[in-house]
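Note sheet for the following structure.
In the UniProt record's numbering, the protein residues as written are 1 to 1049.
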């Protein structure tokens, strides 16, 4: 509230919207705004769908849980007075003797209905419903439509939603868990990721129509990933044209030209590149040795090593400058410029007056910046970084867009809430405020990460008088939606854009893939190795020849040589002579055939799964099956058939040949293990699947916690019998499949199928667990019984495709994990430098130093006055029982890794903002202190870590696209496939004839028009009904309840 007027801050906030236009001042952020504007219609449609579900769940919460959060258990005193019990307990009723009573409404003086599955206050207590008991300044409740909508919006943000669920279960019914789980699943997962998909697809559409990047004002550049050897060289592979010399002069002594030539080759060599990375690794190892408890000799050793490495890297950059092919070539490399800047700054900070100052620990950031070279020295991480981040310009623009948008919004929220938190907190409280730009910026970054953002929301609402809490909630909710959904979608979109391949590269890939698929292939590598190892077990197939003389006479006929030739050629005899006398193809015909073959090679079919519908690689030309094959394809097929005839085979289990009746019946029983559709149609597989379902149910029923209680009971013996019977069935199934397909040596052997490998592992673990006994088996081995559910994956195509795509994305996810760890290491080292030993505190706030943190102190355990108190020993330790620690590198790395989940990073930041100047001093927080800018460390870390987390999502999505073949489709081909999908969904409209009956004809005329009057009236009735439901609120007048009941019923 400003100048005594309740709405002044609102108008000042609206006036602060003008700087938002500065978002377009940078070309990169302007392009992001333009891309968002082009996708605004789709974003608005999806946002409307999300708003619909929010209102739907808000209405359900209003009707079902009205007044639930205001119910508490009260102790009934001897004089009949009520006192709320500690700790606070939510309730749905209480026991009054032998009867169960509902919550007592303290305002209306009536009892509500009790929840059958909620918490019942024990004897001597009463469940009281008081609206003043609602949490968070009475803002968390389902008492009216606005509070209900806000509660739904907060719990679908996944911030403390489990606390709300448990409280609602105690206050109403355990069935409330279904309401919260459905809300989280539908809105937080399905709808939110739908919004992410819309953002990524919208930016992809911008790239298609604009043929440029959606995040920069430049044309989209596609990286061509070179080999590791080429990528590691820091210079271009252009010839060194400026060194023109005579060989005779070059061999005479050590001239300047020769020395320059040696330096150029040294700098361009791979060994020099990796040697520089090795020096960075050694430097990093020495920096990781620094700790708060290190001795003076170790600290001196680390400082001397830092000085030595500083001069070594200075010499290295000088060698690189001298060894550059040209002066301009050195300055054109960004890596050279960055390394030169780091070398100069690290040399400057080694000066004694700087090294001995208090600012030196902050300047060590320049030494740590050298660690970026480690990313380039690991080939897999380098390929991932180049593929996912590209040149880094797109990611940089997204981060700048986030920081600039947050900074501009900080001024707006500063005008809205500035000075309004003084009634809630003081400047020495570790709470978020909006009084200054820095305070507002930090608070908005916390809202962006969604950690404790509801606390900021409710504090901001409580700081406003009257209805001001409404626009406070709207403003913060809009910014949260921007940070949580829009920015996360932008991170994913920029990763997917960098993974995109150019159309020219895709066409070349399609040609290579086509040639590779139609080229003759010999045995696979695995097959060749097996044949060499188990060669004595292989043998030629024993084919029985047909003896013509032994056939009956009525089955044979005498034919001449001419008749056989005519029969094999399949042409009349009159034409055969003409063909024999005809000449070969002319030169023009040969050129035409060669040109036609090349054209066909440029239009290959894309590689697809056997059970998938083939997708044409060209929008205009289809490679039909009736197209005549060229000579190479025919020759490949003939060679393949010839190799099949000469191929050696192995019997199943070395005893069952292809002609074995036992193997024949086993094959007929299990069916095909290659075709997924055939597996689903097989009765034997359905029986096995039912057995797997039963085994999963047995794992659920056989609870380990009650197994000892059920020992020597009929129930437990029944469980054991069923387990043994199922294990026998699975072992028999395993034997039948091995007899049918072979174990290892046959072409379609059992162990050559990855799903069979998974099945046999689960079966063996299950059998070992049963024979060892559930009591003797290790707990971890018994836990593996739950892996039985993995056997069901192979029978469901959708789940199987997802599982396979996740499996194939594991290598890239591992690379992303390594990249994340490499990002954490510099922050951990820097955290040890600036926070090591400064976060220690005493659990007694009245203590000022470590020397005073001895003995015991009195702590009140209640909020009442007077309240009981107990004696607690004083402890000097890091926050959160020592878990928030930067005293050494392992502790810092572990702490930062936990902060990547955004859990607890706000508390850790406030602990860092409270650090004293020297160790062994009790930390104290003050917004006027200079240490509040330690929050920059956490803000930069959270922005970068959020981007690396989205890298995992982008990698998984890209692998799904690659597995489905979308990655290797050009833009025109994707549009053609989309058109095919749309046409496949188009179905002919059923012709509806008007009925002959007058009554049915009247009803038909009412409902036949989609936008007719009848549908409009019904929609109006539905909206009116929703409005009547939304008009309910807690403790409403009886007349309003009567009107609402009559209107609805």
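C-beta: ideal position from N, C-alpha, C; glycine also.
These figures come from a predicted structure and were not determined experimentally.
In this structure, how does DSSP classify residue i when only helix, strand and coil are distinguished?
i            : result
residue 848  : coil
residue 1051 : Here the chain comprises residues numbered 1 to 1049, so residue 1051 is not present and cannot be evaluated.
residue 1051 : Outside the shown range of the chain (1 to 1049) lies residue 1051, about which nothing can therefore be said.
residue 117  : coil
residue 421  : coil
residue 869  : strand
residue 72   : strand
residue 175  : coil
residue 655  : coil
residue 104  : strand
residue 299  : helix
residue 841  : strand
residue 95   : strand
residue 913  : coil
residue 758  : helix
residue 408  : helix
residue 82   : strand
Could you give the first and the last residue of the continuous beta strand (DSSP E) run that contains residue i?
i           : result
residue 127 : 125-129
residue 90  : It is not in any beta strand (DSSP E) - residue 90 carries neither H nor E in the DSSP assignment.
With burial defined as no fewer than 16 other Cβ atoms inside 10 Å of the residue's Cβ, what is the status of residue i: buried or exposed?
i            : result
residue 625  : In this prediction, residue 625 has a pLDDT of 42, which is less than 50 and means its spatial position is unreliable; nothing more can be read from the coordinates.
residue 930  : exposed
residue 173  : buried
residue 923  : buried
residue 512  : exposed
residue 17   : exposed
residue 516  : exposed
residue 1042 : exposed
residue 942  : buried
residue 151  : buried
residue 919  : exposed
residue 357  : exposed
residue 1003 : exposed
residue 137  : exposed
residue 683  : exposed
residue 832  : buried
residue 183  : buried
residue 912  : buried
residue 359  : exposed
Under DSSP, the alpha helix (DSSP H) around residue i begins and ends at which residues?
i            : result
residue 101  : Unbroken run through residue 101 is the beta strand (DSSP E), 99-101; no alpha helix (DSSP H).
residue 898  : 889-899
residue 265  : 256-268
residue 835  : 797-835
residue 472  : 468-481
residue 920  : No alpha helix (DSSP H) contains residue 920, which DSSP labels as neither H nor E.
residue 1036 : No alpha helix (DSSP H) holds residue 1036; DSSP gives it neither H nor E.
residue 502  : It is not in any alpha helix (DSSP H) - residue 502 carries neither H nor E in the DSSP assignment.
residue 945  : 935-964
residue 738  : 714-741
residue 693  : 683-701
- prompt: Along the chain, which unbroken stretches of the beta strand (DSSP E) at least 3 residues long are found entirely within the stretch 1-65?
  reply: Listed in chain order, there is nothing to give.
- prompt: Touch check for the stretch 393-407 and the stretch 952-965: three-plus C-beta pairs under 8 Å?
  reply: In short, these stretches do not touch, since the Cβ pair count stays below three.
query: Hey, is the stretch 870-885 in contact with the stretch 894-908, meaning 3+ C-beta pairs nearer than 8 Å?
result: The answer is yes - the stretch 894-908 touches the stretch 870-885, with three or more Cβ pairs under 8 Å.
message: Under 8 Å: do the stretch 330-342 and the stretch 293-301 share three or more Cβ pairs, one atom per stretch?
response: Short answer: they don't touch.
Secondary structure, alpha helix (DSSP H): runs of 4+ residues fully inside the stretch 985-1014: 998-1007, all fully within the stretch 985-1014.
field: Contact between the stretch 100-112 and the stretch 427-441 (3+ Cβ pairs under 8 Å)
entry: Per the Cβ contact rule, the stretch 100-112 is not in contact with the stretch 427-441 (fewer than 3 Cβ pairs under 8 Å).
message: Closer than 8 Å is the cut-off here; do at least three beta carbon pairs connect the stretch 67-84 with the stretch 159-179?
response: Yes, since at least three Cβ pairs between the stretch 67-84 and the stretch 159-179 fall closer than 8 Å, the two stretches touch.
query: Can you list the alpha helix (DSSP H) stretches of 4 or more residues lying completely in the stretch 307-383, in chain order?
result: For the stretch 307-383, whole alpha helix (DSSP H) runs of length 4 or above, ordered along the chain, are 327-332, 334-349, 352-355, 360-363, 365-368, 372-377.
message: Any contact between the stretch 381-393 and the stretch 344-356? By contact I mean 3 or more CB pairs, one from each, below 8 Å.
response: With contact defined as three or more Cβ pairs closer than 8 Å, the stretch 381-393 and the stretch 344-356 are not in contact.
query: Should the stretch 481-496 be regarded as contacting the stretch 191-201, the criterion being three or more beta carbon pairs within less than 8 Å?
result: Enough Cβ pairs lie closer than 8 Å, so yes.
message: If contact is defined by three or more beta carbon pairs under 8 Å, each pair taking one atom from either stretch, is the stretch 494-507 in contact with the stretch 965-978?
response: With the cut-off at 8 Å, the stretch 965-978 and the stretch 494-507 touch.
- request: Taking only runs that begin and end inside the stretch 134-199, name each unbroken alpha helix (DSSP H) of 4 or more residues, in chain order.
  value: Segments of the alpha helix (DSSP H) lying fully in the stretch 134-199: 135-138, 145-155, 161-171, 176-183.
message: I want to know whether the stretch 406-418 touches the stretch 430-446 - three or more CB-CB distances under 8 Å.
response: Output reads yes: the stretch 430-446 touches the stretch 406-418.
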